[in-house]
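All the letters of the sequence shown, read from the start, carry residue numbers 1311 to 1474 under the numbering used here.
Have a look at the structure below, then the notes.
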Amino acid sequence: MTTTTDARPLAFRPELRAAGTARAPYRAMLPLAELAPGSMRRVTVGDLDVLLVWTPDGIAAVDDRCPHMSAPLSIGSLEGCVVQCPLHEGRFDLCSGDPVQMPTTGGLDPDGRYHPTWSPAGLPPKTDPPGLKAEARRLTRVRRFRYYPVRIVEGSIEVALPTG
Ligand code: FES
C-alpha cells in the first residue's frame, strides 16, 4: 500500500517542462495529507488551475485542462497513470505525457497524425458533416502534457509556477 512516506515527484521528460518554470519559485499548493495516493485535486492560483495527481510513478502537476479542448480533467476519472477526460473520452497518460486514446471527435495527435471521429468497432469511420466545426475538429491537435516541477517539503506539496 502506498503511504505518504512514499510521496515523490513524478519524473517527466525535460522537453515537457512547462514554459516559464526554469527559474520559477516554488509555492506551497496543498498539504500532502490532503492528496491520497491514486487521487487528483484541482488547486487554483490566480487564473491558473493546476491539477495535482498522485500517480503510481509519483506526484505530477499539470494544467487542469484537457490536452484536447481544455475540459477540467479533475472531474474526469483516474486509473493508474491514465486520466480520462469527461468531455470526449480522450485518455491521457500522466506518467509519459502521451495520449493513449484519442477523443471521440478525432483530430490530430501530438505528432500531427490525423485520427478520424470515433465509430463503433467493425463499422467504417463516421463521416463528419462538412463545415467549419468539422474543420475545427479535424485541425485540433492533442498536445502532450506540460509539467510544473514538484517537490515535497515538510509535508507540503510545492509546485514551481511561472510568475507574471
Ligand atoms: S476536451 Fe478532453 S477529450 Fe475533448
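Think of the CB as a built atom: it goes at the ideal place given N, C-alpha and C, for glycine as much as any other residue.
Here the structure is a predicted model, which means the values were calculated and not measured.
Anticipated Cβ contact below 8 Å, residue i with residue j, distance rounded
i: Pro1274; j: Arg1453; result: An answer regarding residue 1274 cannot be provided, because it is not within the stretch 1311 to 1474 covered by the chain.
i: Tyr1336; j: Ala1444; result: Rounded, the Cβ-Cβ distance is 44 Å, inconsistent with contact.
i: Val1372; j: Leu1404; result: 7 Å
i: Ala1329; j: Pro1472; result: 7 Å
i: Phe1455; j: Leu1326; result: 6 Å
i: Arg1451; j: Asp1438; result: The Cβ separation is near 16 Å, so there is no contact.
i: Ala1422; j: Leu1342; result: Here the sequence assigns Gly to residue 1422, which means Ala is not the residue at that position. Incorrect: roughly 39 Å between the Cβ atoms, too far for contact.
i: Ile1462; j: Arg1352; result: Incorrect: roughly 19 Å between the Cβ atoms, too far for contact.
DSSP bridge partner residues for residue i (one or two, in chain order)
i: Thr1365; result: Gly1368
i: Ile1462; result: Ile1467
i: Leu1358; result: Val1355
i: Met1350; result: Val1363
i: Asp1373; result: Val1360
i: Asp1403; result: Val1392
i: Pro1324; result: For Pro1324, which the question treats as bridged, DSSP gives no partner whatsoever.
i: Gly1417; result: His1425
i: Leu1340; result: Ile1467
i: Ser1384; result: In the DSSP output, where bridge partners are listed per residue, Ser1384 has none listed.
i: Arg1451; result: Leu1418
i: Pro1319; result: Ile1369
i: Pro1409; result: Phe1402
Sub-9 Å separation of residue i and residue j beta-carbons
i: Leu1320; j: Tyr1457; result: yes
i: Gly1400; j: His1378; result: yes
i: Ala1370; j: Phe1322; result: yes
i: Ala1334; j: Pro1459; result: yes
i: Met1339; j: Leu1383; result: no
i: Gly1432; j: Tyr1424; result: no
i: Pro1281; j: Asp1316; result: This structure cannot settle anything about residue 1281, because the visible part of the chain is limited to 1311 through 1474.
Residue i beta carbon near the ligand FAD (any heavy atom closer than 8 Å)
i: Phe1455; result: This structure lacks the ligand FAD; its bound ligands are the ligand FES.
Cβ contact (3+ pairs, closer than 8 Å) linking the stretch 1386-1393 and the stretch 1356-1372: Yes, the stretch 1386-1393 is in contact with the stretch 1356-1372.
Contact shell at 5 Å, judged by CB to any heavy atom of the ligand FES, ordered along the chain: In chain order, the residues positioned with their C-beta nearer than 5 Å to some heavy atom of the ligand FES are Cys1376, His1378, Met1379, Ala1381, Cys1395, Leu1397, His1398, Gly1400, Pro1413.
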